[in-house]
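Notes follow the structure.
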Amino acid sequence: MNILPGNPPLYRRARWCCVLLLLFFGLAASAQTVSPQQLADLQKQVAEARGNADNAWMLVSSALVLMMTGPGLALFYGGLVRKKNVLSTMMQSFAMMAVVTILWGLVGFSLAFGPGNSFIGNFQHLFLHGVGAAPDPDYAATIPLQTFMIYQLMFAIITPALISGAFAERMKFSGMLLFLVLWSLVIYTPMAHMVWGKGGLLNASLGGRFPCLDFAGGTVVHITSGVSALVCALYLGKRKDFPAEQFRPHSVVLSFVGACMLWVGWFGFNAGSALSAGSLATSAFVATHFAAAAAALSWMAAEWMLKGYPSALGGISGAVAGLVAITPAAGFVGPMSALVIGLVAGVFCYVMVAKVKERFGYDDSLDAFGVHGAGGTLGAILTGVFASHYVNPIFKDAQGNVTGSGLLDGNPHQLLNQATGVVIAWVLAAVGTVALLKIVDLTVGLRVTEEQETKGLDLTQHGEEGYSLE
Amino acid sequence: MTKLEAVIQPGKLDAVKEALLAIGIDGLTVLEARGHGRQKGHTEFYRGREYSVDLLPKTKLEIVLRDEAVDGAVKAILGASQTGKIGDGKIFLSRIDEAIRIRNEERGNEAL
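The listed protein sequences derive, respectively, from chains A and B.
Residue numbers for the first sequence follow this note's numbering, so the first one is 1 and each next one is one higher.
Residue numbers for the second sequence follow this note's numbering, so the first one is 1 and each next one is one higher.
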């Protein structure tokens, strides 16, 4: 707004120019003489801002991963069982949100991420001792160790919850609690330590003996839970009267909602595993999404060709299979590799669930093995094929030069490391689960009585019903 | 008095209700039912496993009528629900001894 009548006189404009020039040179001069103290302060502020940005993403990711268990997995599994078991199935997931949390705070985190030996952590962080605002640069240099702890807790929660798909509709609540508590300590914490912990045997970024690439938990989460699920299905035996018409999913709608929540939550799972909010998180996010989409399509296509229908349940199962398979690879592969991994995973898991399970006749009720065990194993191996140093320069030679990551990146030896990780995860999960099931079987018992199974677990284990008319 | 029970395809309920209303029958009880007659069931697939489902969803109507209204009601239901295909359903008629309106204890035809 110009309130002056006409232009100001010439001398006044010249005076203003002088003032501006003086200001400019003054600023330039002061910039040249910035003190080391000021520079340090500035650097500190930049680092703090970066840390806060990373921390924000990691807290959101933690919440997303919790959402995968409840309500995601609870709905996904809950819809697949019969009406009379919907609550008991959901409770198996929900109970892990409570029980594993306490366990993790007391001892779990320390056993998984304390600096122990090659196989398990130590008691340094017992009762979360030393887990505070200060970062642990070995794990994540820019976020508080406490954020890292709560993020990892969400993984420890969903992993045992995944197993519950195998023993749905027939396991006692008490037996389930004891079994999964023991499982978290005996199987999850050592596996997490071996792959992600300081000094872990399979750790790829902290100099493990067999560097196994597992970005977000192909071995730690999906193979361990999937293989344990198979052992549970075999040990517990089939559900009474299985198979019969009544064993159809009681609500594919619930499963549908749950699966879509899993898809969204998985961005926290995989992109969050970058442990920072930078471009690696974006890359993992994109790979995750492409794999899920491709696998949803390939499972549906397989079903369409073989059974004549592209089913809704097939679509969502395929998406979950793709998400499982991309989990170990998410931060190491580009979008097109992710697409291929997804396409293969959708068909592979369909065959495992529809053909292999049928052939051998085990009652892996909700296909925890067929999707997580099989998809996790496939993903772990394919990570060794597709991992690329362009996406994530994880391996360096003695001179510090970046070297190839996977088979197609000129590092065929990596397949052997991946296989080592897979074999260790399979053996630990299988042997450990048999032993734990035996212990629980001999103490509190595993299976409900036949009469309880007929009445339903909602009524007999929890004293309530999922649906009541009025 | 006559009780008319009709098992029909769930999708025909609205048409049947309208046809009955058109001839002045405005009271009926509807139940969601499952069953099968000569109609065979169908096959459903869940993750590749086949389930042969032989109890199919049906809708069952129950109406108690004055005897003189029965023929009209049967015609209305047939007209609204017949497709000529297996699975159309059935109508059953039976005698009713007494009807009592709970509100004011009217009896017989008055209670209908």
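No residue lacks a Cβ here, since even glycine has one placed at the ideal position from N, Cα and C.
Keep in mind the model is a prediction, meaning the values are calculated, not measured.
Starting from residue i, trace the alpha helix (DSSP H) both ways and give me its first and last residue.
i, result
"K357/A", "357–360"
"T327/A", "Where T327/A is concerned, there is no enclosing alpha helix (DSSP H), given that its DSSP letter is neither H nor E."
"A33/B", "Element bounds for A33/B: not the alpha helix (DSSP H) but the beta strand (DSSP E), 29–35."
"I25/B", "From DSSP, I25/B is part of no alpha helix (DSSP H); its letter is neither H nor E."
"P160/A", "145–163"
"D241/A", "Unbroken run through D241/A: none, as it is neither H nor E."
"I223/A", "Per DSSP, I223/A belongs to no alpha helix (DSSP H) and is neither H nor E."
"F290/A", "279–307"
"K198/A", "First-last for K198/A: undefined, no H or E at that position."
"G115/B", "In the structure as shown, chain B starts at 1 and stops at 112, and residue 115/B therefore has no counterpart that could be examined."
"Q461/A", "457–462"
So what's residue i in DSSP terms, helix, strand or just coil?
i, result
"P5/A", "Any answer about P5/A is weak, because its pLDDT of 48 lies below 50 and its placement is not dependable; what the coordinates show is given next. P5/A: coil per DSSP, three-state reduction."
"Y188/A", "helix"
"D136/A", "strand"
"F115/B", "Outside the modelled stretch of chain B, which goes from 1 to 112, sits residue 115/B, for which no answer is possible."
"R170/A", "coil"
"E2/B", "In the sequence as presented, Glu is not what sits at residue 2/B; that position holds Thr. Residue state, collapsed to three classes: strand."
"T33/A", "coil"
"I102/B", "coil"
"A271/A", "coil"
"I341/A", "helix"
"Y51/B", "strand"
"V131/A", "coil"
"I439/A", "helix"
"I8/B", "strand"
What's the gap between the Cα of residue i and the Cα of residue j?
i, j, result
"F348/A", "G342/A", "10 Å"
"Q124/A", "N270/A", "28 Å"
"I96/B", "G108/B", "10 Å"
"A6/B", "G41/B", "20 Å"
"A259/A", "F267/A", "13 Å"
"V422/A", "A380/A", "7 Å"
"A281/A", "G331/A", "7 Å"
"P36/A", "Q43/A", "10 Å"
"V286/A", "A233/A", "35 Å"
"W299/A", "G37/B", "36 Å"
"I474/A", "R209/A", "What the structure shows of chain A is the stretch from 1 to 470, and residue 474/A is not part of that stretch, so it cannot be assessed."
"G4/B", "E358/A", "In the sequence under discussion, the amino acid at residue 4/B is Leu, which differs from the Gly named in the question. Rounded to the nearest angstrom, the two C-alpha atoms are 47 Å apart."
"A292/A", "N203/A", "26 Å"
"E18/B", "A301/A", "43 Å"
"G315/A", "E110/B", "57 Å"
"G456/A", "G445/A", "17 Å"
"S81/B", "I23/B", "16 Å"
"V181/A", "K12/B", "54 Å"
"S276/A", "T142/A", "7 Å"
"V16/B", "I77/B", "5 Å"
"V65/A", "L323/A", "13 Å"
"V448/A", "N417/A", "42 Å"
"L93/B", "T2/B", "7 Å"
"Q452/A", "E32/B", "28 Å"
"S93/A", "F290/A", "27 Å"
"G105/A", "L128/A", "6 Å"
"W196/A", "G308/A", "44 Å"
"V53/B", "V440/A", "38 Å"
So the beta strand (DSSP E) residue i belongs to, where does it begin and stop?
i, result
"S94/B", "89–95"
"V444/A", "Careful: V444/A lies outside any beta strand (DSSP E) and carries neither H nor E."
"E62/B", "56–65"
Quiz item: In chain order, which continuous runs of the alpha helix (DSSP H) of length 4 or greater are located wholly inside the segment 350–434 of chain A?
Solution: 357–360, 374–386
Quiz prompt | Contact list for the segment 21–41 of chain B against chain A, Cβ threshold 9 Å | solution = G41
Exercise. Please specify which runs of the alpha helix (DSSP H), each continuous and at least 4 residues long, are wholly inside the segment 47–125 of chain A, giving them in chain order.
Key: 74–80, 86–103, 109–113
Self-check item: Cβ-based contacts, 7 Å cut-off: residues of the segment 249–265 of chain A near chain B
Solution: P249
Quiz item: In the segment 336–354 of chain A, which residues sit with their C-beta less than 8 Å from some C-beta in chain B, listed in chain order?
Solution: Y350, V353, A354
Self-check item: Residues of the segment 304–317 of chain A whose Cβ lies closer than 9 Å to any Cβ of chain B, in chain order
Solution: L306, K307, G308, Y309, S311, L313, G314, S317
Practice problem: Note down, in chain order, all residues in the segment 365–376 of chain A with a beta-carbon under 7 Å from any beta-carbon belonging to chain B. | Solution: D367
Practice problem: Determine which residues of the segment 76–103 of chain B have a Cβ less than 9 Å from any Cβ of chain A, and write them out in chain order. | Solution: none
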